[in-house]
Structures are given as C-alpha cells and as structure tokens.
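Note sheet for the following structure.
Residue numbers (this note's numbering): 5 to 766.
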C-alpha cells in the first residue's frame with residue numbers, strides 16, 4: 005500500500021518469486037498491476053495464456069501469418085544492428101524478411117505460391133530447400149531478391165537444412181536432410197550451384213533425416229555434422245566428419261526417433277539439446293518392451309570421442325512427434341543459452357529449460373504457447389521468444405521471457421480439507437486462494453468452519469472443486485476434487501459445462517513431470533503396434549481385391565460399398581483407450597471415408613480415426629476426424645489435394661478416451677500438431693471386441709473411390725490377437741493386380757475358395 009512505486013515494485017517482485025514456484029497464475033496476473041512495464045505486460049500476457057483466457061490477451065500481435073499451412077522461421081545475420089528474421093508463409097505464398105521489431109524489409113513470392121521445405125540461416129541470407137514436381141530446388145533469400153541457386157531431378161522432400169564447414173576452409177556447404185521418396189542426405193555447393201552426395205551410408209538407411217546440426221567440438225574451425233535419422237531403419241544420432249563432399253561416420257548411437265535439436269555453446273564444450281518423441285516403433289531394433297527406443301523427452305548430450313555422454317534428461321510423457329523447432333536463446337539474461345520446446349498436442353504446453361554454469365537450473369511449463377524462434381528484439385542482451393498460440397491460429401507474439409515470467413509448478417501441499425468446505429467458507433479464503441497462498445487459505449477457512457451453517461453441501465462441494473481444479477500446479481489433488489464434483493452430479497447446466505471445461509484443462513494441459521504421468525493409476529499395459537512395413541499383422545482380410553502390401557504400408561483402394569476391409573479381435577484392458585494411425589491419402593473422390601476403428605459386439609464405433617476428402621470437383625481437401633463413444637469431433641486440414649496427386653506427407657492421427665473426455669490429435673508430416681477435445685454424456689457403447697479397417701460412404705456416393713496407405717496402427721488400452729489360420733489369413737505374394745488376373749494360373753485353385761480367403765500383396 006506504500007505510495008512509493010519503487011518499493012511497490014520490489015515487494016511485487018518478491019511475491020512473484022514466491023507465487024511462480026506454485027504456478028499461481030491468477031495471483032501473478034493480479035500482481036502485474038503494480039509492476040513496471042514491460043514486466044507487467046509480459047506477466048499479464050503469460051497469465052492469460054496459462055489461464056486459457058484468450059479473449060483477455062491485451063498484447064497486440066507481433067505479426068500475422070494469414071492462413072499459413074506451415075511456418076519456417078530462422079534468424080539471419082543482417083546488414084545493420086540486430087538480427088533479421090526470415091519466415092516462409094507457405095499457404096500465403098510468400099517469403100518475408102522482418103526485423104525483430106516487426107518491420108517488414110522484404111517480401112518475395114514463392115514459386116507456385118504453395119510449397120514446403122527446409123530453411124537454413126547464413127551471413128546476410130537464408131537458404132531455402134524445397135521439392136516441387138519431383139525436383140529438389142535451392143533458393144537464396146536476401147533483402148533484395150530470392151533467386152533459384154540450383155535444382156536436381158529426383159531426391160526426397162527436404163525436412164532439415166544447415167550450413168556447415170567440415171574442412172575448415174571458410175566456405176560453407178549447404179546440407180539437406182530429406183524424407184520420402186528419397187530419404188537421405190544431400191549436399192549443395194552455393195558457389196557452383198551443384199548438388200553432391202556427401203555420405204552415401206546415410207542415404208543407404210532409407211530413413212528420414214529430421215534434423216541437421218553443425219557442431220565444432222574442439223574449436224578448430226572444422227564442423228562435424230550431427231544427423232538425426234528416424235524411421236524406418238536408422239533410428240540413430242550420427243556425427244559425420246571429413247571434407248565438405250566426403251563425410252564419414254565418427255560416432256553413432258541408435259537410441260530411437262529423435263526429431264529436432266539445437267547446439268548449446270558452453271565454455272567446456274558444446275552440448276546438443278535433442279527432443280525425442282514416441283513414433284514409428286521397431287521391434288527388430290529395440291526390445292519389445294521399449295519399441296520406440298529410449299524414453300521421450302529432452303536430452304542434453306555432450307560429444308565424446310566415440311559417442312555421446314548424457315548430461316541431463318527431462319522426461320516428457322505422451323510426447324507427440326512434431327516438426328516444430330527446439331528454440332535456443334538467453335531468455336533470462338544470465339549469459340547461458342537456454343532451451344524452449346513444444347511438448348506435443350497432448351499437453352498443449354511449451355517447456356522452457358533455463359541453463360546455468362552447472363547445467364539445468366530450472367524448467368517450467370507455459371500452457372497454450374508454441375515456441376517458434378528467438379532473437380534479441382530490443383537490444384537489452386536478453387533473447388525474446390517468438391511464440392504462437394496452441395488454439396490461436398497463425399498469429400505470432402513476442403514474449404520477453406524474463407526470470408520472473410517463467411514459473412515452476414510445485415505442488416502446494418495437501419488439499420483434502422478443502423474438499424469438505426461448509427457453505428460460505430469458500431469466500432473467506434477467496435483472495436488467498438486466488439493468490440495461491442493455500443496454507444494461509446486453509447487457516448482462514450478453519451477459523452470460520454465452526455461457525456458456518458452446513459446448508460447446501462453439494463453446492464459447496466462442486467464450487468470448491470471447480471475453484472481448485474482451475475488452479476495450475478495442484479497435481480492429483482485437483483484431479484480428485486474434479487472427480488468428486490462430477491460424482492455429485494450437479495443438475496445446473498452452467499455448472500456442468502464449467503466442470504467439463506475444467507476436466508479438459510486438467511487432463512489435457514497437465515503440468516506434472518514426466519515421472520508422474522496422467523495415467524499412472526492405470527494398469528501398465530504395453531501398447532500394441534501393428535506395422536505394415538516389411539510385413540503384415542495377422543489381420544483377417546475380408547476384401548482382398550481392395551488391399552496390397554507395398555514398401556511403405558498397406559495400400560487400400562476401394563469404394564464405400566466395400567465395407568470392412570480387414571479385422572482383428574481385441575480385448576479391452578482398462579478405462580483408457582487410444583487408437584493411433586499413420587495414413588497417407590493418395591487420391592479420393594467426394595463422399596468416401598477410410599476408418600481405423602475399434603468396434604463393440606453390436607458393431608458400434610467405440611473409438612478410432614477417420615480419413616476423408618471434402619469439397620467438390622477436383623479440388624478436394626483432406627479431413628481427419630476422431631470418432632468415439634457415439635460422438636465425433638473433426639480436425640480439418642485445409643490443404644488442397646488434386647484427385648490423382650500423390651502426397652509426400654503422411655498424417656498422424658490419434659484418438660484417446662479417458663474419464664469421459666475424448667481427445668483427437670492430428671499431425672501432418674513434420675508439421676505442427678493440432679488437437680480437439682470434447683466430452684460426451686451419452687451412454688457409451690460396449691467394450692471393443694475388434695479392430696477394423698473399413699470403408700464407408702455417405703448416401704448417394706457408394707461408388708466414390710478412395711486410395712490411401714496405412715503405414716502403422718498403435719493401440720493403447722486394448723490388446724490385439726492374431727487371427728487363426730483360416731479364411732482371410734492366407735496371403736499370396738505377387739504383383740498388385742485384381743484377382744481375376746490370376747485366372748488360368750497355378751493360383752486358380754486358391755481363388756476358388758470363398759471370398760475373403762486371399763490377400764494379394766506386393
């Protein structure tokens with residue numbers, strides 16, 4: 005209450021330091037009223053994001069990307085003070101160069117107006133690699149122009165790019181990591197405009213190169229190339245050394261599917277921060293109980309002569325595969341390079357890791373934000389984070405992530421006594437609860453409890469539970485409170501809607517650490533992985549003329565009238581169910597759907613994912629959906645698909661159901677993930693009895709064709725069983741062609757069997 009603003013700010017900072025450890029965002033937002041700018045502005049913004057109050061965001065956006073399908077952004081050394089930022093807005097059809105302050109200095113149209121690729125930063129320019137019409141192209145982007153520097157027939161879609169100087173002559177080469185169809189490592193000489201193959205052994209693995217980093221381990225000016233390769237056979241981290249055009253493996257660790265990373269400079273030698281997700285299992289390379297390799301999360305690794313040494317691991321449970329970058333910068337101004345990364349759609353949260361002289365100082369979650377890039381925008385020596393909202397479209401904000409703006413999420417203690425509040429006691433500790441001072445709130449409540457009429461106990465119970473569940477950082481206590489409130493079955497519709505929203509907040513945007521996952525109380529049942537790469541699961545094939553086994557998955561080409569294509573019996577083992585699938589949509593006609601679905605004994609959909617086109621004529625867009633518990637929620641990807649165009653990017657879809665809430669997560673290729681959440685009050689169907697791959701169509705479109713590829717399926721909370729030998733279990737190896745093509749051959753006796761006996765594969 006002192007009129008001295010300096011003292012007020014000092015006291016406020018002390019309170020912020022106390023409250024940030026508890027994740028008490030409401031209290032932090034209140035304290036922003038007495039903090040000086042820009043501290044107050046950052047605190048208001050971050051608290052609005054954490055509380056999911058997007059309509060209260062009082063900060064103007066830094067930039068707007070339009071309807072961008074994907075986003076590439078890198079810092080580029082500029083010609084004047086400070087760095088420029090370059091981004092590519094693919095669907096908007098242009099490349100934009102901006103200063104960190106938001107000033108547009110150049111705009112260049114993209115070829116064809118819509119293309120994806122990989123971006124590398126250089127001195128005064130950026131290098132952008134893309135693939136169009138089967139041709140890999142490299143462009144140099146500067147303030148003045150965007151020029152085509154080289155092109156090569158064939159090759160895969162660029163997923164990562166970096167400039168590196170392996171032979172230390174001061175002339176960097178551009179290295180490009182590619183995905184399908186080529187999958188490997190390309191080199192490009194900016195001086196001559198020629199492509200070369202720097203490491204044939206990396207290409208021989210036929211695995212996606214998801215990240216490339218330049219690492220000078222001994223400060224001799226000679227870079228090593230850090231190569232992250234994932235599916236389908238490598239799953240490793242390699243270091244390559246040598247000359248620009250001839251690189252050999254100096255170290256290799258096969259750990260699993262690492263996707264993105266950054267180099268952290270340190271006085272005692274650089275570290276690399278690498279993000280590991282769970283995707284693309286491989287039981288041939290890894291133990292059956294750890295089919296994805298090492299546990300997901302952020303790994304801090306130090307290079308050794310013959311490999312890596314682990315310095316720190318921050319576990320991140322249920323981390324989705326994602327192409328969003330791992331961002332580095334000095335966010336707290338202490339001179340040490342920090343890390344920020346997105347933890348995947350299941351959490352919808354950004355994790356910020358603050359480094360110090362001894363390694364990791366602290367780490368924190370900030371819900372609702374995705375890190376995109378970092379730069380020192382205001383010249384104060386601290387790097388600002390450029391972020392987008394998980395649910396906020398394509399707007400970018402610049403966040404000054406100072407030390408007081410990165411709270412932890414410590415559990416404030418036991419809260420059982422708050423579950424049995426007398427009627428008007430809740431208001432007694434209202435302000436203390438809002439500030440996150442839970443111990444003081446308990447004392448105030450206890451002081452009045454003896455004199456309060458116990459009255460409407462149910463009203464008090466759900467009110468207290470709703471208030472507690474609204475706080476971040478309460479861990480299982482808030483979960484217990486929320487479940488207790490639902491058990492009381494309040495009749496007021498507004499109350500029920502509020503509790504549904506809180507349930508989503510608690511189970512989707514949970515802040516607990518990796519060793520305390522949301523589903524820790526459920527039976528530990530390993531997921532069932534059904535991979536169609538190099539083999540086929542023991543599924544019963546009911547429509548053999550529809551399927552063919554190809555190099556990269558099970559090809560399904562048919563019409564809605566074909567119905568169930570394949571099936572496999574399953575047993576449900578717990579209240580948590582999840583179905584994940586990786587799918588490619590090759591071509592489609594309006595009205596036909598492909599589903600990967602768990603069904604009950606009555607044939608009703610229990611949970612699964614769907615893939616379909618929508619639109620009209622030859623301009624169709626891909627729609628993906630989650631279907632479960634007699635309800636459906638859609639996630640729409642707005643990218644157009646021409647009828648006969650083969651897409652390079654698979655979709656990753658996941659539908660999960662737990663405690664009345666269904667979550668649908670969608671990720672396209674190496675792009676960002678989106679999710680939708682909903683709850684159902686309808687009586688659910690029975691437990692799942694089988695997994696189906698099936699086609700169906702809306703009325704009037706029974707003959708509409710869909711052509712897709714199923715790469716893999718993952719079941720959680722359900723155990724699949726092999727189909728016994730018999731109808732549908734026998735497979736014929738041959739060319740992909742209709743069964744009629746085998747008439748008059750040695751296979752004709754087999755074809756005489758009843759429909760469903762034969763599957764044709766390639």
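Here a beta-carbon is modelled for each residue, glycine too, at the ideal position from N, C-alpha and C.
Everything numeric in this text was worked out from a predicted model, so none of it was measured.
| query | Thinking just about the alpha-carbon of each residue, which of 332, 252, 186, 227 is nearest to the one in residue 203? | reply | 252
| message | Excluding the 5 residues flanking residue 701 on each side, which residues of the same chain have their C-beta closer than 6 Å to its C-beta? | response | 564, 595, 596, 708
| message | For residue 329, count the other beta carbons within 10 Å of its own beta carbon; 16 or more makes it buried, fewer makes it exposed. Which is it? | response | buried
| Is residue 158 buried or exposed, if buried means 16 or more other CB atoms sit within 10 Å of its CB? | By the 10 Å Cβ count, residue 158 comes out exposed.
| Backbone CA spacing between residue 374 and residue 392 [nearest angstrom] | Taking the straight line from one Cα to the other gives about 5 Å.
| request: Excluding the 5 residues preceding and the 5 following residue 184 in the sequence, name in chain order all residues of the same chain whose CB lies nearer than 8 Å to its CB. | output: 160, 161, 212, 556, 652
| What is the rounded straight-line gap between the Cα of residue 136 and the Cα of residue 725? | 43 Å
| For residue 687, is the classification buried or exposed, using 16 other Cβ atoms within 10 angstroms of its Cβ as the cut-off for buried? | Note on residue 687: pLDDT 47, under 50, position unreliable in the model; the coordinate value appears next. Residue 687 is exposed by the Cβ-count criterion.
| query | Nearest to residue 223 by alpha carbon, out of 172, 338, 262? | reply | 172
| field | DSSP bridge partner residues for residue 131 (one or two, in chain order) | value | 124, 144
| request: Please report how far the alpha carbon of residue 265 lies from the alpha carbon of residue 101, in whole angstroms. | output: Cα to Cα, the separation comes out at about 24 Å.
| query | Which word fits residue 703, buried or exposed, when buried means at least 16 other C-beta atoms lie within 10 angstroms of its C-beta? | reply | exposed
| field | Euclidean distance between Cα positions of residue 10 and residue 279 | value | 42 Å
| said: Using 8 Å as the threshold, is the C-beta distance between residue 263 and residue 234 below it? | reply: Yes, the pair counts as a contact, with Cβ atoms nearer than the cut-off.
| message | Using 8 Å for Cβ pairs, my map puts residue 301 next to residue 319. What's the rounded Cβ distance? | response | 4 Å
| request: Just grab the DSSP bridge partners of residue 341 for me. | output: DSSP output for residue 341 lists no bridge partner at all.
| query | Which residues in the same chain as residue 311 place their Cβ atom closer than 7 Å to its Cβ, once the five residues preceding and following it in sequence are excluded? | reply | Its chain contains 255, 257 as the residues whose beta carbon lies nearer than 7 Å to that of residue 311, once the 5 sequence neighbours on both sides are disregarded; these appear in chain order.
| query | Under three-state DSSP, which class holds residue 11? | reply | helix
| request: Going by CA-CA distance only, name the one from 286, 365, 558, 714 that's closest to residue 240. | output: 286
| Do you know whose CA, among 179, 246, 109, lies nearest residue 141's CA? | 179
| task | Name the residue from 113, 123, 90, 122 whose alpha carbon lies nearest to the alpha carbon of residue 107. | result | 90
| said: Counting C-beta neighbours from all protein chains within 10 Å, is the total for residue 347 16 or more, i.e. buried, or is it exposed? | reply: When all chains shown are included, residue 347 counts as buried.
| field | Residue range of the beta strand (DSSP E) that includes residue 573 | value | 568–576 is the span of the beta strand (DSSP E), which, as asked, contains residue 573.
| query | Contact check, residue 378 vs residue 387 under 8 Å by CB: the rounded distance? | reply | 5 Å
| said: Taking the straight line between their C-alpha atoms, what separation do you get for residue 150 and residue 99? | reply: 9 Å
| said: Residues in the same chain with beta-carbon distance under 7 Å from residue 694, minus the five sequence neighbours each way, listed in chain order, please. | reply: Cβ within range, chain order: 571, 572, 573, 574, 603.
| task | To the nearest angstrom, report how far apart residue 288 and residue 210 are at their CA atoms. | result | 16 Å
| The beta strand (DSSP E) spanning residue 307 covers which residue range? | 301–308
| task | Quickly, what does DSSP pair residue 241 with across the bridge? List them, please. | result | 232, 257
| Can you tell me where the beta strand (DSSP E) with residue 215 in it begins and where it stops? | 213–219
| What whole-angstrom Cβ distance do residue 214 and residue 268 have, given they're in contact under 8 Å? | With a Cβ gap of about 19 Å, residue 214 and residue 268 do not count as contacting.
| query | First and last residue of the beta strand (DSSP E) that includes residue 696? | reply | 694–701
| field | Residue burial classification, residue 569 (beta-carbon count within 10 angstroms, cutoff 16) | value | buried
| task | Would you list the one or two residues that DSSP bridges to residue 588? | result | Per DSSP, 713.
| query | residue 231: buried (16+ other C-beta within 10 angstroms of its C-beta) or exposed? | reply | Classification of residue 231: buried, given that the 10 Å Cβ count is 16 or more.
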